[in-house]
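The opening position of the sequence shown corresponds to residue 558 in our numbering, with each subsequent residue numbered one higher. Structure first, then comments.
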Amino acid sequence: MKPSKYAIIDVGSNSMRLVIYSEDKSGRLKEVENIKLVARLRNDLSDDLILQESGIKRLISYLHSFQEVTRFHQLKNVRCVATAAIRHATNQDEILERVKKETDFTMRVLSDYEEAYFGYIAVVQSMPFTDAITIDIGGGSTEVTLFKKRELIHYHSFPFGALTLKKQFVLGEAAIKKELQAIRAFVVEQFETLSWLKDASLPIIGIGGSARNVVRIHQESINYPLSGLHQYKMNRKDVEGVRTILAPLTIQELQKVDGLSKDRADIICPALEVFQGLADIVHSESFVLSRNGLRDGVLFEERKNKGEDVLYPSVVEQSFHELGLDYEVDTAHAKHRMDTVLLLAQKLCSEGLITASDDDLALLKQAAFVYNVGAYIDEDSGKQHTFYLLANRTINGLLHKDRIKLSLLASFKNKSFFKQNAGTFKNWFTNDELCLYQQYGAILTLANSFHSTKRNIIVDLNLKNKNDGLTITATCDKDWKPEQYQVEKQKKHLEKQIKKSISVEFVWSE
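This is the structure in structure tokens:
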């Protein structure tokens, strides 16, 4: 059976995209095609908001290009949605009729609420935040939302976007200092009209092409060691730093900036003023990118309307479920390992040998679930593959730093291998944090050795901490010799971390 495919055409004020998704074995939809065309339809809206013939012809022409692709993939039911440029057009009915008549597609014009809602739902279904503010700067409008406990509380759509701000305030190709100041003053004035934004002190989640470009530029400027944009976190100084780099540049210089799409060179600085203006009003110190946005929200609605269960109660749990399916994790075995590592860590804490917060224990359980998952690719080099896979795979619900913590623990082999992997990220963590994660890796490796034959023979673990060493008593309901061999082999890593000798006694359960 061919995998299910979905296609969405997003007709924006600045660009048009065709994205085709294919359902993988975990049920997750992955992009197989992502085609962008720069239409800038907002520039074809007259002062009385009529989309001129030049814009309509370009719209139809670009839809014909997309049509060639959808026909090739034999996609019959393509969702085509339009945002501000078509929504604001007074000749909207004529545009919709011509699209229906001259192409394979029926265009749906999203309301300002729908555009804001789809961005919000895409964020809460793919990020760890329970409370935040989202902002999506398009070419002709800007949507902001506030959600708490993952529920949409407020939304607003402003009738300005990166293109309209450029048209209103910028005389040349690139904005100069006083023009950027005028844009900042204007957007701050607009944001101040929403009382729920003032002093909200929540993270700001950026959606859309301008936000993606800000992140790419920042990653290039610091030689960021990881791949991926989704859930990338910047602080206000980072955003200001990008502005400082870009603001003095000419249009020709902007077009050569690493990480900046050439077609956004003239509108990225106006967009940055919007981001910073919002941060000023909200008093937010965090700017986090969501690579998921409007199209993902439309897709969510499409699958929900078909009766599919797509509302995840926990984003991160869904991500680990997908990881398990993708890499064929033996979930029953993983569950036993998770129980043992949690029990071992809690008992070590009670003996005062380690410290672990609730968040640390949750991280240990996650790492236990995907421990040595890289063996799926190659058994002999499983730990190397584990670190690379987890460090470079987008895991919804985990910010980039948390992903590296997970990778370090799940790939733990020994002290030198840990330091080798952690070396690239030494500026991300304090020495105390790295020592802690090295301890957790050693605990996880020991816990795994108690399940080396996957028979789940461990009934209980007990610890006795004495001056001359630590004794672990493992109560078993089956012969333990294979497990004993592995435990004796792996306990040295924890001995080094807690600076105590460890003896492990195996006894029969009654």
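Beta carbons are placed, not taken as given, at the ideal position from N, Cα and C, and that holds for glycine.
Exercise. Taking C-alpha atoms, which residue in V727, F844, S618 and N1024 lies nearest to F832?
Worked result: The shortest Cα separation from F832 among V727, F844, S618 and N1024 belongs to F844.
Problem set entry | Pairwise C-alpha distance: Q1054 and E580 | 44 Å
For this session: Counting only the same chain and skipping the five closest in sequence on each side, list residues whose C-beta sits under 6 Å from that of V568.
Result: A639
Exercise. At what residues does the alpha helix (DSSP H) containing A891 begin and finish?
Worked result: Counting along the chain, the alpha helix (DSSP H) containing A891 begins and ends at T888 to S907.
Problem set entry | Beta-carbon separation (whole angstroms), Y712 vs T702, contact threshold 8 Å | 4 Å
Exercise. Is it right to say Y563 is buried, meaning 16 or more other beta carbons lie within 10 angstroms of its own, or is it exposed?
Worked result: buried
Problem set entry | Beta-carbon proximity of S1060 to L1027, cut-off 9 Å | yes
For this session: Using a threshold of 9 Å, state whether the C-beta atoms of L608 and L620 are closer than that.
Result: no
For this session: Could you check the C-alpha separation between G695 and D917 for me, to the nearest Å?
Result: Rounded to the nearest angstrom, the two C-alpha atoms are 39 Å apart.
Problem set entry | Buried versus exposed, by CB contacts within 10 Å (16 or more), S876 | Result: buried.
For this session: Measure the C-alpha to C-alpha separation of R821 and F748 and round it to an integer number of angstroms.
Result: 24 Å
For this session: Could you check what DSSP says for H711 in three-state terms: helix, strand or coil?
Result: Note: H711 maps to strand in three-state DSSP.
Problem set entry | R741 versus Q903: straight-line alpha-carbon distance, rounded | 52 Å
For this session: List the DSSP bridge partners of Y933.
Result: Answer is none; Y933 lacks a bridge partner.
For this session: If I'm right that S847 touches M684 with Cβ under 8 Å, what's the distance once you round it to whole angstroms?
Result: So it is a contact: roughly 6 Å between Cβ atoms.
Problem set entry | Rounded C-alpha distance that separates E874 from V680 | 16 Å
Exercise. Do A925 and A891 come within 9 Å of each other at the CB atom, strictly closer than that value?
Worked result: yes
Problem set entry | G1026, DSSP secondary structure in three states | strand
Exercise. So what's D693 in DSSP terms, helix, strand or just coil?
Worked result: Reduced to three states, the DSSP call for D693 is strand.
Problem set entry | DSSP-derived helix/strand/coil call for R636 | strand
Exercise. Near G816, which residues of its chain fall below 6 Å by C-beta distance, leaving aside the five closest residues on each side in sequence?
Worked result: R773, I774 and E777
Exercise. Any idea if S968 is buried or exposed, counting beta-carbon neighbours within 10 angstroms, 16 or more meaning buried?
Worked result: buried
For this session: State the CB to CB distance for the pair F857 and I678, rounded to an integer number of angstroms; the pair is presumed to be in contact (CB under 8 Å).
Result: 5 Å
Problem set entry | Inter-residue Cα distance where the pair is N929 and L737 | 51 Å
For this session: Can you grab the Cα-Cα spacing for the pair L632 / V576, in whole Å?
Result: 12 Å
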